[in-house]
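K.L.:
The structure that follows is given in the form of structure tokens.
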Amino acid sequence: MPPSSSSNTRRTAGSANSRGGRVSKRSDNACSRCRKQKIKCSGSHPCDACKKRKLSCEFDQRDQKILVTRGFILDLQQQAASSQRRAGAAEYVTPGSLDTNIDVGGRGLEEGDTVTVNVNHPPSPGGNASTVPTDDALSGNRSSSNSRNGLDPVASALTNPLSTGQSKFMTSAEGREFYLGTSSNWSFSRRVLSLTHEYIHQSPIAADNLLFDGSAYDLGWDGSRISPPPEPPLMPSLDHAVYLINTVKFHCSQIFHLFDDESFTQYLHEFYADPTSHIAVADLRYIHLLVILAFGKAFAETNNYQSKRPPGADYFVTALRLLPSIHILVQEPILSTELLCCIALYFQCLDYRHSSHCYIGQAMRIALSQGMHTDMPLEHLGEKIVERSRKLWWTVYVLDREMTSLMGLPQTIHDDDVHPQLPHFSGSTHRVAALHMQIRLCRTIASINRGVYGANGRLNKKFLLSTKKVLENIAGLADELQQQFPLGVDRAINGVSRTSGYLHLLYHQCIVLATRPLLLCFLKIRFETPGSITEALNSSQTVWNLIKMCVDSSYQMINILGCLQSQGLLETFLPFDLESLFISSLNLLVAPVLDPRFLEHETTFRHKSYSIFNEMIGKGNLIAVFRRSELQQLDDMLSRLPREATGQTPVPADVDGQIIGGSMTGVPEGATPAMGSLDGDNEGMTSMIPGMDDFGMDAWFTTAQMIDMANSIANSDTEWVSHTMMEHDIW
């Protein structure tokens, strides 16, 4: 019924009265004098009453009241709950059963409600003093606004179990303590192996059969320089040396700058014109030549290092013994930086990760002191020096980023301090584009290390939110990488580019690095409460999708390696292919234990992984022997888990087996062939490997899909995972 005219008149009059003579409501924030006198205060500073009486006007912030969101209160309650040990087994919680209506002031706190909080000493979310925003925080402000809508501060209680709490160490068989770095592939595998062994055998895992830093190879040198000068190694003939150097160019020069071609070739001919005098001088150029020849031997003589001593080790050890002190190296900064990069990379190839990290650190500091991280002036230094310095700087940068991440340590330099231009590569736009993509992927790795693996959660405790931001950053690379460096080419015309393979592997490593902590989280849930793992994964589609993204990228890495292997491009000395193979195989072992839906292509990829491992081992890679053995140990332990105890769908017998010795044609259904039964059948295994198109290399995560995946991380996921982490003590 429409309102009467009289009621309209009264409403109008009332409104006018409120706008006119009615005195406004007393301000919530009153000054000390007005509050003491119990008189109305305007809330301004100075307030009207004090201003009229010409008195000082002071506000006590202890009495000030503000409005905060429900999420802030939930955040504080989560912080308080996480600081206490919960007694007894906790009931499993899903997003649907999680009670978010915390009672405040006698009633449930509903979405959108606000409460009053004293702001004299507001508790910080992490209990720490506020810090200057990190590079990630600043870049996050430039992200799309949609990505941050609806995110609840309660997620700040969620931390990455790989980087939270006290640091973790593992003791080798020799008694040396090794720090388990946060983002390190080696450390991640140790955590998974230790967790599984303690659950299956109720005892710590023995270190005898595990690979530790520097234990795969023996250089035959104790590191002492006090002993008499080394005898010069037998040098190859000039044509043989040229062949070895060209081999190094093929394997390394597309992605790294290890030497300047013009000056290095010039010295090579000078050396062979009078080798005796150059050996007697033993300057940096001679030492550099020895290290490059060591690389060439390792690349060219792949079948000859079944012993603990790799080919070319004589050259490398002689170079190390002749290497001068740092105060001499800095006198020739460009050559010294190239030499240190070579030494760092060679050590990395031998799995001397600590030594490698130290040498690349020295190279980084010499490069910084020479100003290579700046925009060097062409008119003052000349085009040759500037171009060489730019190539060298970005090699140092990339190696430092990758080696630091593999160690699981903080990055040493911020990207804001780096601003040299890209080298021209004599007008090769493809080389420039490849380097640009490589740099962007390495920056993504650094972003993941700072955000997802922030030390003790202090840099960024919001694990899922950090993962969300990382996915947004990766999304910007997806389409560009696929368009500029495609893998699904017409193999009848062109094969797969080694550079493209390297970049795609690096891209998928970024995804795995950002998402694999969830595998460890849910593996622990699987061990503690087997009956709840299915409910756990099914309760959050977003978290399940993140795990699936990790699994899919692991599949893709093995698939890429299989294609490179089929074209003879598999790297058996450089460490990058083996790192991709090892960590992807480990992920694919763990994932089916959590959910049998990840078993879809298990048999084929077990065969493919075996074939790649077999080729690396056949060409003398002793590190691959240890890696395969560790995966075998993990697979043996996981195979003892009762599949039916999880309440999952029974797993088909023909996909149950070992990552190295999965079911093959001719093996009875349900039987698991021993590892020895597969030896010597590498040719048959290779013929079974499907091409890249057979397993969805075209099923690429587009930019839009990656952004959608990032935006799907919302309140219910962060609240639920936070509660799950707390209940299962995954810290």
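Each residue of the sequence shown is one higher than the last, beginning at 1 in UniProt numbering.
Backbone N, C-alpha and C fix where the C-beta goes; we use that ideal spot for every residue, glycine too.
In this text, all values refer to a predicted model and were calculated from it rather than measured experimentally.
Name the residue from Val470, Arg450 and Glu402 whose alpha carbon lies nearest to the alpha carbon of Ile439.
P.N.:
The shortest C-alpha separation from Ile439 is found at Glu402.
K.L.:
Would Ala216 and Ile623 qualify as a contact pair, given that the criterion is a beta-carbon distance under 9 Å?
P.N.:
Contact: yes.
K.L.:
Give the straight-line distance between the Cα atoms of Gly620 and Ser307, rounded to the nearest whole angstrom.
P.N.:
If you take the alpha carbons of Gly620 and Ser307, they lie about 8 Å apart.
K.L.:
Going by beta carbon distance, what residues of the same chain come within less than 6 Å of His121, once the five residues before and after it are set aside?
P.N.:
With a pLDDT of 37 at His121, under the threshold of 50, the modelled position of this residue cannot be trusted, and the question is left open.
K.L.:
At what residue ranges does the region 393-469 contain a whole run of the alpha helix (DSSP H), taking only runs of 4 or more?
P.N.:
With a minimum length of 4 residues, the continuous alpha helix (DSSP H) runs that stay inside the region 393-469 are 429-451.
K.L.:
Using the beta-carbon count (16 or more within 10 Å), is Ser56 buried or exposed?
P.N.:
Ser56 comes out exposed.
K.L.:
Could you have a look at Ile287 and say whether DSSP puts it in helix, strand or coil?
P.N.:
Correct three-state label for Ile287: helix.
K.L.:
For the beta strand (DSSP E) holding Thr171, just list the boundary residues, first then last.
P.N.:
Note, Thr171: beta strand (DSSP E), Phe169 to Thr171.
K.L.:
Where in the region 240-281 do unbroken runs of the alpha helix (DSSP H), each at least 4 residues long, occur, reported from the N-terminal end onward?
P.N.:
Listed in chain order, the complete alpha helix (DSSP H) runs (minimum 4 residues) inside the region 240-281 are 261-273 and 275-281.
K.L.:
By DSSP, does Ile66 sit in helix, in strand, or in coil?
P.N.:
Three-state result, Ile66: strand.
K.L.:
Under DSSP, the alpha helix (DSSP H) around Asp60 begins and ends at which residues?
P.N.:
Looking at the DSSP string, Asp60 is not in any alpha helix (DSSP H), and its letter there is neither H nor E.
K.L.:
Going by C-alpha distance, which of Gly531, Val593 and Phe573 is nearest Ile547?
P.N.:
The shortest C-alpha separation from Ile547 is found at Val593.
K.L.:
Rounded to whole angstroms, what's the CA-CA distance from Met697 to Cys563? Just pull it up for me.
P.N.:
Unreliable positioning characterises Met697 in this predicted model, as indicated by a pLDDT of 46, which lies under 50. The coordinate reading is nonetheless provided below. So the alpha carbons of these two residues sit roughly 11 Å apart.
K.L.:
Near Lys52, which residues of its chain fall below 6 Å by C-beta distance, leaving aside the five closest residues on each side in sequence?
P.N.:
Excluding residues within five positions, none has a Cβ falling inside 6 Å.
K.L.:
Determine whether the Cβ of Pro204 lies closer than 9 Å to any Cβ atom of chain D.
P.N.:
Protein chains in the displayed structure number just one, and chain D is not present.
K.L.:
Near Pro275, which residues of its chain fall below 7 Å by C-beta distance, leaving aside the five closest residues on each side in sequence?
P.N.:
Cβ neighbours of Pro275 beyond the five flanking positions: Met235.
K.L.:
Rounded to a whole number of angstroms, what is the C-alpha to C-alpha distance between Ile413 and Ile366?
P.N.:
Rounded to whole angstroms, Ile413 to Ile366 spans 13 Å at the Cα level.
K.L.:
In three-state terms, what does DSSP make of Glu177?
P.N.:
Reduced to three states, the DSSP call for Glu177 is strand.
K.L.:
Less than 8 Å between C-beta atoms, sequence neighbours within five positions excluded: which residues of the same chain meet that for Val396?
P.N.:
Contacts found: Thr337, Cys341, Ile360, Ala363, Met364, Ala367 and Met372.
K.L.:
Report all residues from its chain with a CB closer than 7 Å to the CB of Tyr346; omit the five preceding and five following residues, and keep chain order.
P.N.:
Cβ within range, chain order: Val291, Ala294, Phe295 and Phe316.
K.L.:
Among Ala80, Arg190 and Tyr199, which has the Cα closest to the Cα of Glu528?
P.N.:
Comparing Cα positions, the closest option is Tyr199.
K.L.:
When the distance is taken between beta carbons, is Val470 closer than 9 Å to Cys521?
P.N.:
No.
K.L.:
Using DSSP with H/G/I as helix, E/B as strand and the rest coil, what is Ala344?
P.N.:
Helix, per DSSP.
K.L.:
If you pair each beta-carbon of the region 625-637 with each one of the region 574-587, do three or more pairs fall below 8 Å?
P.N.:
With a cut-off of 8 Å, the region 574-587 and the region 625-637 count as touching, because enough Cβ pairs lie within range.
K.L.:
For Gly112 and Ser356, I'd like the C-alpha separation in whole angstroms.
P.N.:
Model confidence at Gly112 stands at a pLDDT of 39, short of 50, so the residue's coordinates are unreliable and nothing is read from them.
K.L.:
Going along the chain, which residues of its own chain have a beta-carbon closer than 7 Å to the beta-carbon of His257, five neighbours each way excluded?
P.N.:
Here the set comprises Lys391, Leu392 and Thr395.
K.L.:
So the alpha helix (DSSP H) Tyr502 belongs to, where does it begin and stop?
P.N.:
Arg498 to Thr515 is the extent of the alpha helix (DSSP H) around Tyr502.
K.L.:
Could you check which residue in Leu219, Ser172, His201 and Pro232 has the C-alpha nearest to that of Leu210?
P.N.:
Among Leu219, Ser172, His201 and Pro232, the Cα nearest to that of Leu210 belongs to Ser172.
K.L.:
Go ahead and label Gln482 buried or exposed: buried means 16 or more other beta carbons lie within 10 angstroms of its beta carbon, across all protein chains shown.
P.N.:
Gln482 should be labelled buried.
K.L.:
Are the CB atoms of Thr429 and Val452 within a distance shorter than 9 Å?
P.N.:
No.
K.L.:
Compare the C-alpha of Ala637 against each of Leu193, Ile287, Gln77 and Thr69 and name the closest.
P.N.:
Sequence inspection shows Met at residue 637; the Ala mentioned does not correspond to that position. Answer by Cα proximity: Leu193.
K.L.:
Exposed or buried, which one is Val281 when buried takes at least 16 other CB atoms within 10 Å?
P.N.:
Under this definition Val281 is an exposed residue.
K.L.:
Would you kindly work out how many angstroms separate the C-alpha atoms of Asp577 and Leu76, rounded to a whole number?
P.N.:
Using only the alpha carbons, I get a separation of about 45 Å.
K.L.:
Taking C-alpha atoms, which residue in Glu387, Asn545, Ile39 and Gln556 lies nearest to His504?
P.N.:
It is Gln556 whose Cα lies nearest to the Cα of His504.
K.L.:
Identify which residue in Ser497, Leu487, Ala446 and Arg498 has its Cα closest to the Cα of Asn473.
P.N.:
Taking only the C-alpha atoms, the option nearest Asn473 is Ala446.
K.L.:
Relative to the C-alpha of Arg58, which residue among Thr444, Gly71, Ser32 and Lys249 is closest?
P.N.:
The sequence as given places Glu at residue 58; Arg does not occur at that position. With distances taken between Cα atoms, Glu58 lies closest to Ser32.
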